[in-house]
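Asker:
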Amino acid sequence: MCGIAGLIGVRDEGAVLGRRLMTALRHRGPDDEGIEQPLSTVTLVHTRLAVIDLSRAGHQPMRDHPPPGLKPNWVVFNGEIYNYRELQNELAASGWPSRTNCDTEVILHAFRIWGDDCVSRFRGMFALCLVDTARGLAHLYRDRLGIKPLYIYWFPAGGCVFASELRAILSLGTEIAPAHVNPRALESFLAQGAVQGYETLVDGVSMLRPASHLTLDLDSGREVSRRQYWNLPLDVDRAGDRKTAVDDLRAIAHEAVRLHLVSDAPLGLFLSSGIDSTALLAIASEEGANHPQTLTVGFDSARDDESIAASAIAHAFGADHRTVPLASPDAKSTLEESLAAMDQPTVDGFNTYFVSRAAREQGLTVALSGLGGDELFGGYASFVDIPRAMRLRRQSALKWPVTIAGRMLRTRFGAKLGEVYRRDADPLAMYLLRRELFLPDERRGLHPLPAGSDPITGIERGLLEEARRDERPLDRINAISLFELQFFMRHMLLRDADAFSMAAPIEYRVPFLDHRLVEAVFAMPGEWKRPDPRPKPLLLDIAGPRVPESVWRRPKQGFSFPWKDWFHAEPLRGYAREAIADERGWKDLGIDAAAVDDLRARFDQGDNRVSALQLLAFVSLYDFTQRHRLRRI
């Protein structure tokens, strides 16, 4: 795991800008760093967190060593190719033996043998730039599920820059990089608590889509071509015997976890008291992870704490377990540290920073997470709530009683209940309402509706059309799984997990998002994900009987901070009030400062229609835009 960056089509300032990028990404790679200029218009930057082949042989940027008469190719790579050993053998048989034990070298050799389509043979998480000096092309690739990020900005005067973090591009300075807020991204952030889609909060900076291959001209930095090299199969035949299908799924899951356990650096596992991480621990134990190191976060609030249950689970598996305590007096420093590690405003993922930091302090470099389990196997409340909301939405006779009841409840749930009949009678509309942070009227009180944004959901219209197209061949449960993957997981969980874990830095691995496992789960009927009465029966079946019954009988408990308690107490209450009181700061963003302060005051007064996450969203947005001096266009 590393930090990568580069400039394509930039001549005179390439080396200077490259050094700025390397400084901005140094926290991601404390073990080594490098900067190379294969051509006068190409600058490649790398900071390394050594995981595979810890020697200097893994130094990047890396070049290959072709036979005489051929020009070398170069690569900068962030991530892991988990099947690199298998590919090493195949490439050696084709005349390209490895000089190192690095998966980075495998990428270079694979490109020599299989060309542009080499990426289809990779099983892993990755963002990379491969420079083909002979053809004058740069190839940018991103993994299938979007685990590893890659940001791109095209300079108005020509050329472009790419980087693992948005902050790295902003580090180039306002005279080089943009410093304006993208209003569509701001709208989707307010709607969902994280920017949705492939635009970023910074106007002009975008993310390469998952499973994308972007080709650039080395001389100008202009786009030559763009393609999707993989799509999740959604129109497959789902008939078949459940036992046989589960046996096949179990084999794929075990293989995925086994591959994710490969590391030359110390490795551990993030453990909660829930099914996902326990199932992952069970499979890892069967695949040779003896006495693994496990970590969890503990709170002084019994309502939010799951450390005692997690410790008992770890003990049952013989794990070397550590609980990281976070108490209310630490709330202010907890928030300040998290905000400093954040790469885009968010209301989620802060726990990942602290458990990653604790893992690093324990001497770990790699940590496995059960992220993806809820999305794939039906663990979220959305799998129950969305069908229920659909049934309610289709009973037109209940429109006014439900709307009036929602208003009378004077709670956040009531506010959303009153919105049900304003939405389309389809699963996507109900799904987005289920996760919505600020409702349409609240957003319109904060800033005007941007062009291109849907007025109800706040999501960019093209993204909505894409989701509705992908949903069509799916049954209801698999459609909700898809929405969780496409929105909440891709545009919040994975993006936050990368930034917060790499701030430690820790390589954050997600075995349940192995693309072959994801394909296999979507090939099964959604009905198989329904409780039987066990929750997540598919996951429990592939994890086996070592998952204690007490784990799946325990009510689901989220792994998050007690923000409501923290924001109602000092010092965090005063900290939030001070940030939100900056009228000029909100005006610069095109946001109504009075509306922000009104929501804050209502929260302080105990108005249950205002949530702690809304307050956190204001603090997160304010800190990011002030830290990077962003303004509205």
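Per our numbering: the sequence shown = residues 492 to 1124.
Just so it is clear, CB atoms sit at the ideal spot from N, CA and C, and this is done for glycine as well.
Since the model is a prediction, treat every value here as computed from it, not as a measurement.
With respect to the alpha helix (DSSP H) encompassing Pro931, which residues constitute its N-terminal and C-terminal limits?
Answerer: Pro931 to Leu937
Asker: Just the C-alpha distance for Arg517 and Gly494, rounded to the nearest angstrom, thanks.
Answerer: 7 angstroms
Asker: Looking only at its chain, what residues have a beta carbon closer than 8 angstroms to the beta carbon of Arg882, apart from the 5 residues adjacent to it on each side?
Answerer: none
Asker: By the three-class DSSP mapping on this structure, what secondary structure does Met921 have?
Answerer: Three-state result, Met921: helix.
Asker: Could you have a look at Asn569 and say whether DSSP puts it in helix, strand or coil?
Answerer: strand
Asker: From the DSSP output, read off the bridge partner residues of Gln719.
Answerer: Ser703
Asker: Using C-beta distances below 6 angstroms, list every residue in its chain close to Ile804, excluding the 5 sequence neighbours before and after it, in chain order.
Answerer: Take Ile804, set aside five residues on each side of it, and the residues of its chain with a beta-carbon closer than 6 angstroms to its own are Thr769, in chain order.
Asker: Do you know whose CA, among Lys1027, Leu762, Val1101 and Ala618, lies nearest Ala810's CA?
Answerer: Leu762
Asker: With a threshold of 7 angstroms on Cβ separation, who are the neighbours of Cys593 within its own chain once the five nearest residues in sequence on each side are excluded?
Answerer: Ile543, Asp544, Ala548 and Gly549
Asker: Report the CB separation of Leu641 from Val1009 in whole angstroms; it is logged as a contact under 8 angstroms.
Answerer: Their Cβ separation, rounded to whole angstroms, is 20 angstroms, which puts Leu641 and Val1009 out of contact at 8 angstroms.
Asker: Return helix, strand or coil for Asp452, following the three-state DSSP convention.
Answerer: An answer regarding residue 452 cannot be provided, because it is not within the stretch 492 to 1124 covered by the chain.
Asker: Find the nearest neighbour of Lys562 within the set Pro529, Thr538 and Ala541, judged by alpha-carbon distance.
Answerer: Pro529
Asker: Which of the three DSSP states, helix, strand or coil, is assigned to Met833?
Answerer: coil
Asker: Are the beta-carbon atoms belonging to Ile1082 and Val1110 less than 9 angstroms from one another?
Answerer: no
Asker: Are the CB atoms of Ile499 and Gln653 within a distance shorter than 9 angstroms?
Answerer: The identity of residue 653 in the sequence shown is Phe, whereas the question assumes Gln. Yes. Within cutoff.
Asker: Could you work out which residue in Arg539, Val533, Cys651 and Asp989 is closest to Asp522 when comparing CA atoms only?
Answerer: Arg539
Asker: Using the Cα positions of Leu599 and Trp565, report the straight-line distance between them to the nearest angstrom.
Answerer: The straight-line gap from Cα to Cα measures roughly 7 angstroms.
Asker: Quick one, are the C-beta atoms of Gly509 and Gly497 less than 9 angstroms apart?
Answerer: yes
Asker: Nearest-angstrom Cα distance between Ser944 and Ile667?
Answerer: As the crow flies, the alpha-carbon of Ser944 is around 28 angstroms from that of Ile667.
Asker: For Tyr632, collect the residues of the same chain with a Cβ closer than 6 angstroms to its Cβ; drop the 5 residues on either side in sequence, then sort them by chain order.
Answerer: Val610, Leu619 and His704
Asker: Three Cβ pairs or more, each shorter than 8 angstroms: is that satisfied between the segment 715-727 and the segment 860-880?
Answerer: With the rule of 3 Cβ pairs closer than 8 angstroms, the segment 715-727 does not count as touching the segment 860-880.
Asker: Just reading off the alpha helix (DSSP H) that Phe845 is part of, what are its end residues?
Answerer: Phe841 to Glu852
Asker: Give me the Cα-Cα distance between Thr665 and Thr837, rounded to the nearest whole angstrom.
Answerer: Spanning the two alpha carbons is a distance of roughly 23 angstroms.
Asker: Distance, Cα to Cα, Gln1034 vs Ala515?
Answerer: According to the sequence displayed, residue 1034 carries Ala and not Gln. Near 41 angstroms, if we compare the C-alpha coordinates of Ala515 and Ala1034.
Asker: Tell me the rounded alpha-carbon separation between Asp482 and Asp732.
Answerer: Here the chain comprises residues numbered 492 to 1124, so residue 482 is not present and cannot be evaluated.
Asker: Quick one: using the 10 Å Cβ neighbour count with 16 as the cut-off for buried, is Val875 buried or exposed?
Answerer: With fewer than 16 other Cβ atoms within 10 Å, it is exposed.
Asker: Give the single residue among Glu910, His782, Leu535 and Leu1107 whose Cα lies nearest to the Cα of Ser829.
Answerer: Leu1107
Asker: What whole-angstrom Cβ distance do Trp1137 and Ala822 have, given they're in contact under 8 angstroms?
Answerer: The question about residue 1137 has no answer, for the chain in this structure spans 492 to 1124.
Asker: Given a threshold of 16 other Cβ atoms within 10 Å of its Cβ, counted over all protein chains shown, does His812 qualify as buried or as exposed?
Answerer: buried
Asker: Over what stretch of residues does the alpha helix (DSSP H) that includes Asp767 continue unbroken?
Answerer: Its alpha helix (DSSP H) spans residues Ile766 to Glu777.
Asker: Could you compute how far the alpha carbon of Ile766 sits from the alpha carbon of Pro1026?
Answerer: If you take the alpha carbons of Ile766 and Pro1026, they lie about 9 angstroms apart.
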